[in-house]
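**Student:**
In my numbering, the protein residues as written are 1 to 218.
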């Protein structure tokens with residue numbers, strides 16, 4: 001039905017070129033009745049520094065696109081320190097900024113369908129293991145770990161020890177954290193939500209999602 005542009009690490013000097021490319025892509029797609037979605041790094045200001053952000057012009061890319069996907073995840077990431085993948089206050093900041101540049105009816109809230117398992121103590125450069133949300137719950141059960149819930153971040157987590165005595169912490173998503181993000185999308189009148197990635201099973205979430213939203217299968 002269309003094309004998704006997910007170009008990342010665009011330097012500031014290529015911002016205009018990216019907008020021109022996206023506009024040309026949209027014009028060509030529209031000839032054939034197809035749509036353009038652009039995935040956007042999670043900015044909170046026009047002049048936000050960093051290679052992920054400087055070449056991404058929310059206003060002009062939002063104008064070129066039929067829809068945009070805010071990649072509101074990866075605060076906790078493979079090589080970073082342990083923390084929630086998508087803490088709700090940070091997600092809200094991105095969406096509220098996006099709404100000043102892009103119409104709400106074009107915006108899809110990106111939601112992570114995964115978590116990370118970090119070895120403790122954290123060492124910079126050591127990769128965390130990416131796991132599915134059901135795998136996280138199974139891991140907690142297998143190690144007799146108690147799952148806690150961070151009310152500010154709206155994200156579940158737990159600690160466990162391997163048989164060798166190595167400490168781990170896992171941050172992931174469950175139905176509570178998913179619902180918090182659904183509620184945010186509804187509160188702010190967004191077009192909807194989108195997941196990275198649907199390739200990992202989470203049956204309970206799909207049931208909950210379909211009870212509240214009409215599902216577009218692109």
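Quick reminder that beta carbons are idealized off the backbone N, C-alpha and C, glycines included. Values in this document were obtained by computation on a predicted structure and should not be read as measured data.
Is it buried or exposed, residue 31, if we count other Cβ atoms within 10 angstroms and call 16 or more buried?
**Tutor:** exposed
**Student:** Restricting to Cα atoms, I'd like to know which of 67, 17, 84 and 65 is closest to residue 74.
**Tutor:** Closest option to residue 74, judged by alpha-carbon separation, among 67, 17, 84 and 65: 84.
**Student:** Given a cut-off of 9 Å, decide if residue 5 and residue 65 are closer than it, judged by their beta-carbon atoms.
**Tutor:** Yes, these two residues count as a Cβ contact at 9 Å.
**Student:** Starting from residue 38, follow the beta strand (DSSP E) in both directions and report where the run begins and ends.
**Tutor:** 35-40
**Student:** Quick check: the region 159-167 against the region 193-206, are there 3 or more CB pairs under 8 Å?
**Tutor:** no
**Student:** Can you grab the Cα-Cα spacing for the pair residue 160 / residue 13, in whole Å?
**Tutor:** 46 Å
**Student:** Measure the Cβ-Cβ separation of residue 200 and residue 114 and say whether it is below 9 Å.
**Tutor:** Yes.
**Student:** In chain order, what are the residue ranges of uninterrupted beta strand (DSSP E) at least 3 long that sit wholly in the region 82-118?
**Tutor:** As far as the region 82-118 is concerned, its whole beta strand (DSSP E) runs of at least 3 residues are 107-112.
**Student:** Whole-angstrom Cβ separation of residue 170 and residue 139, contact assumed at under 8 Å?
**Tutor:** 7 Å
**Student:** For residue 112, tell me which candidate among 23, 118, 8 and 205 has the shortest Cα-Cα distance.
**Tutor:** Sorting 23, 118, 8 and 205 by C-alpha distance to the C-alpha of residue 112 places 205 at the top.
**Student:** Quick test of your reading: residue 70 and residue 107, contact by CB under 8 Å. State the CB separation rounded to the nearest angstrom.
**Tutor:** 6 Å
**Student:** Can you list, in chain order, the residues of its chain whose CB lies under 6 Å from that of residue 190, leaving out five sequence neighbours each side?
**Tutor:** 104, 107 and 109
**Student:** Inspect the beta-carbon positions of residue 155 and residue 88 and report whether they are closer than 9 Å.
**Tutor:** Annotated as proximal: residue 155 and residue 88, with beta-carbon spacing under 9 Å.
**Student:** Answer with buried or exposed for residue 173, where buried requires no fewer than 16 other C-beta atoms within 10 angstroms of its C-beta.
**Tutor:** buried
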